[in-house]
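Numbering (this note's numbering), first residue to last: 99 to 374.
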């Protein structure tokens with residue numbers, strides 16, 4: 099994401115970034131889609147529910163959504179797997195062949211979600227495609243979204259290339275753009291957030307109400323491996339064929355073929371140099 103220029107910060111300017119962020123970030127409205135909806139006193143509860151779940155002002159779309167998830171979402175055994183595979187596909191913008199949906203998968207704004215072939219969405223996963231883009235979540239072929247893992251778009255988008263393996267209990271949140279290249283392995287309990295930075299300049303209003311600071315999203319290149327409990331913050335690009343050791347907090351770009359670790363993550367080894 100290109101840098102955005104900002105005027106000089108003043109105490110009365112709610113959109114002014116802190117000095118150490120100037121010239122490196124862009125600033126956006128603090129209100130999320132959900133918070134704006136909560137402030138709307140005119141819309142009915144049904145319209146708000148439709149906006150949060152289906153994403154369309156269509157009673158037919160809502161009925162189809164409720165029937166499919168209500169009747170099939172928790173259906174156990176092979177019968178549940180087969181029926182979800184055959185019928186869920188009609189909710190999405192695109193859904194490839196042999197896609198497996200586990201039990202109790204939460205799906206929001208399915209018409210903004212595109213899924214490739216041979217994808218596994220395990221039990222209790224969340225695919226939250228809320229946003230304004232035509233496609234907010236894109237999952238490449240032969241990918242896996244592990245049990246209890248969450249893919250949540252909050253005005254941004256999440257893009258997986260082919261053969262991305264997300265293990266159990268991972269959380270991926272995007273307010274801008276979160277990209278993952280092909281053949282990437284993400285171990286359990288990882289946390290990736292593209293966005294999520296609030297301004298801190300003003301003390302007269304809560305941090306919750308201060309503008310969001312965007313640093314450019316997250317871009318994980320091909321063939322990378324994130325160990326268990328790795329955190330990747332906004333503005334980070336991880337070069338191809340790199341490894342983040344378990345428990346690392348990655349808050350700066352990582353060169354390709356690197357092994358990093360620690361809090362914050364630092365270079366531990368150059369894979370190419372070690373090979374030589």
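Glycine included, C-beta positions come from ideal geometry on N, C-alpha and C.
- [ ] Using the Cα positions of residue 182 and residue 143, report the straight-line distance between them to the nearest angstrom.
- [x] 28 Å
- [ ] Report back the beta-carbon spacing between residue 328 and residue 350 to the nearest angstrom; my notes put them in contact at under 8 Å.
- [x] Not really, about 14 Å apart at Cβ, beyond 8 Å.
Task: Endpoints, alpha helix (DSSP H) assigned at residue 262 - done: That residue, residue 262, is in no alpha helix (DSSP H); it is neither H nor E in DSSP.
- [ ] Classify residue 85 as helix, strand or coil using the three-state DSSP reduction.
- [x] Past the boundaries of the shown model lies residue 85; the chain is included only from 99 to 374, so the question cannot be answered.
Open item on the list: Counting C-beta neighbours from all protein chains within 10 Å, is the total for residue 297 16 or more, i.e. buried, or is it exposed?
Closed with: buried
- [ ] Could you check the C-alpha separation between residue 213 and residue 149 for me, to the nearest Å?
- [x] 22 Å
Open item on the list: Going by C-alpha to C-alpha distance, which of 274, 195, 153, 187 sits closest to residue 332?
Closed with: 274
TODO: State the Cα-Cα distance for the pair residue 295 and residue 371, rounded to the nearest angstrom.
DONE: 36 Å
Open item on the list: Please classify residue 303 as buried or exposed, where buried requires at least 16 other C-beta atoms within 10 Å of its C-beta.
Closed with: exposed
Open item on the list: Assess contact between the stretch 161 to 177 and the stretch 219 to 238, defined as three or more Cβ pairs (one per stretch) separated by less than 8 Å. Is contact present?
Closed with: no
- [ ] Please report the residue range of the beta strand (DSSP E) in which residue 258 lies.
- [x] 255 to 258
Open item on the list: Please state the DSSP three-state secondary structure of residue 353.
Closed with: coil
Task: Cβ pair residue 241, residue 217 closer than 8 Å - done: yes
Open item on the list: For the alpha helix (DSSP H) containing residue 165, name the first residue and the last one.
Closed with: 157 to 170
- [ ] Going by CA-CA distance only, name the one from 363, 224, 259 that's closest to residue 282.
- [x] 259
Task: 6 Å CB neighbourhood of residue 286 in its chain, flanking five on each side removed - done: 265, 266, 267, 326
TODO: Identify the continuous alpha helix (DSSP H) that holds residue 224 and give its terminal residues.
DONE: Note, residue 224: premise wrong, no alpha helix (DSSP H); beta strand (DSSP E) at 224 to 226.
Task: Euclidean distance between Cα positions of residue 338 and residue 365 - done: 15 Å
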